[in-house]
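Visitor:
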Amino acid sequence: EEHMLRSEKLRLIGELAAGMAHEIRNPLTTVRGFLQIAKEKNYNIEPWYEVIMGEITRISELTGEFLQFSKPHVSNFKVQPLQECIQRVIDLMKSEAVLLGHQIEHEFELDPIYILMDRDKIVQLLINLIKNAFEAMEENGVVFIRLYRVGSLGTIEIQDTGPGIPQEHLDQIFHPFFTTKKTGTGLGLSICHKIVQDHGGTIDLESSPKGTTFRVTCPAVHGSGM
Ligand code: ADP
Ligand code: MG
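UniProt numbering puts the last residue of the sequence shown at 527; the count rises by one with no breaks.
1. Let me check understanding here. Comparing Cα to Cα, which of H403, R420 and V517 lies closest to K432?
2. At a threshold of 7 Å, does K422 count as lining the ligand MG (C-beta to nearest heavy atom)?
3. Please indicate yes or no: does the CB of K432 lie closer than 7 Å to some heavy atom of the ligand MG?
4. By the DSSP assignment, the alpha helix (DSSP H) with H494 in it spans what residues?
5. For the ligand MG, is there a heavy atom less than 7 Å away from the beta-carbon of G489?
6. What are the boundary residues of the alpha helix (DSSP H) that includes V390?
7. Contact between the region 495-505 and the region 394-402 is defined here as three or more beta-carbon pairs at a separation below 8 Å; is this criterion met?
8. First and last residue of the beta strand (DSSP E) that includes V443?
9. Can you tell which of E406, P464 and E469 has the C-alpha that lies nearest to the C-alpha of R447?
10. Who are the Cβ neighbours of L490 in its own chain at under 6 Å, not counting the five residues just before and after it?
11. In three-state terms, what does DSSP make of Y350?
12. For F378, which option in P413, F335, L417 and E351 has the closest C-alpha, if you only look at C-alpha atoms?
13. Got a sec: does the ligand ADP put a non-hydrogen atom nearer than 7 Å to the Cβ of residue 594?
14. For R326, count neighbouring Cβ atoms within 10 angstroms of its own Cβ and tell me buried if that reaches 16, exposed if not.
15. If contacts are defined as beta-carbon pairs under 8 Å, then P508 and G442 qualify, I think. What distance do you get, rounded to the angstrom?
16. If you draw a straight line from the alpha carbon of R420 to that of L400, how long is it in whole angstroms?
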């Protein structure tokens, strides 16, 4: 399988670090400004608790997700069936779906599709995509998850009934820190992209005002493998 060149990796991490510094400085400046004025004028900061906590939560989420890129990644690749892994993710996401008033439906190829995978990473990839789907949809949305095989490739589709992604955003959505959400980090899809790349696969999408489908394709292993 392909591995990113070390120099390429360092370049990416450098870019991300610069982006992170920028993203962290803004909320820190806001919080610092509030506290400074409050102290000087002896204001009661209680009305600002929500704002301050919101900004701190955002920094904490950003740094948490950033670690996914930069922490020395102990990879744990094994040949495993995709069906089992996706079923586990669906079980994990069921209660959140119910809470949000959404539904998850699935249709899997019966024959097990074996992939050389780092299971935790594939779980994280699918959770990121399903979360985005949930966040895009009004109540009563449906996320449809399909798994099928084409020749020597296994394909997972995650389709939602959301409003779609505007044409002018399409070339940015995989960029780190691109977000259209108030409290988004914009790191989810760039993490997805990296995970798929680490598995020698591809990720693409189709989107219309009736919904979006993300499609992840990975090389499959014949039989049960090792
Ligand atoms: P975040 O979820 O923190 O905004 P992501 O990298 O996960 O960051 O997604 C980047 C952006 O891509 C989102 O803010 C949203 O605009 C768009 N997006 C991703 N998935 C979907 C989807 N299923 N439907 C509509 N827009 C989406
Ligand atoms: Mg996201």
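By construction, the Cβ of each residue, glycine as well, lies at the ideal position given by its N, Cα and C atoms.
No experiment lies behind these values; they were computed from the predicted model shown.
Guide: Looking at the coordinates:
1. Indexing the sequence shown from 1 puts residue 432 at position 131. For the residues H403, R420 and V517, the minimum Cα distance to K432 belongs to H403.
2. To locate residue 422, count along the sequence shown from 1; it is residue 121. Flag unset: Cβ of K422 not near the ligand MG.
3. One-based indexing of the sequence shown puts residue 432 at position 131. When distances are taken from the beta-carbon of K432 to the heavy atoms of the ligand MG, the shortest one is below 7 Å.
4. As a first step, residue 494 must be located in the sequence shown, where it is residue number 193. Per DSSP, the continuous alpha helix (DSSP H) segment holding H494 begins and ends at G489 to D499.
5. For the purposes of this step, residue 489 is taken as the residue at position 188 of the sequence shown. Indeed, a heavy atom of the ligand MG lies less than 7 Å from the Cβ.
6. Counting from 1 along the sequence shown, the entry for residue 390 is found at position 89. First-last of the alpha helix (DSSP H) with V390: L383 to L401.
7. Two segments are said to touch when three or more pairs of C-beta atoms, one from each, lie closer than 8 Å; by this definition the region 495-505 does not touch the region 394-402.
8. The sequence position of residue 443 within the sequence shown is 142, counting from 1. Counting along the chain, the beta strand (DSSP E) containing V443 begins and ends at V443 to V451.
9. In the sequence shown, counting from the first residue as 1, residue 447 sits at position 146. Closest option to R447, Cα to Cα, is E406.
10. Here residue 490 corresponds to residue number 189 of the sequence shown, with the count starting at 1. Contacts found: I474 and F475.
11. Along the sequence shown, one-based indexing puts residue 350 at 49. Y350 falls in the helix class under three-state DSSP.
12. Here residue 378 refers to the residue found at position 77 when the sequence shown is read from its first residue. Of the listed residues, the one whose Cα sits closest to F378 is L417.
13. The shown model of the chain, from 302 to 527, leaves out residue 594, and the question about it has no answer.
14. In the sequence shown, the residue the question calls residue 326 occupies position 25. That one is exposed.
15. Taking the sequence shown and counting its residues from 1, the one referred to as residue 508 is at position 207. Taking the sequence shown and counting its residues from 1, the one referred to as residue 442 is at position 141. Note that residue 508 is Ser in the sequence shown, not Pro. The pair is not a contact, with the Cβ atoms about 15 Å apart (cut-off 8 Å).
16. Indexing the sequence shown from 1 puts residue 420 at position 119. Indexing the sequence shown from 1 puts residue 400 at position 99. Their backbone Cα atoms lie some 26 Å apart in a straight line.
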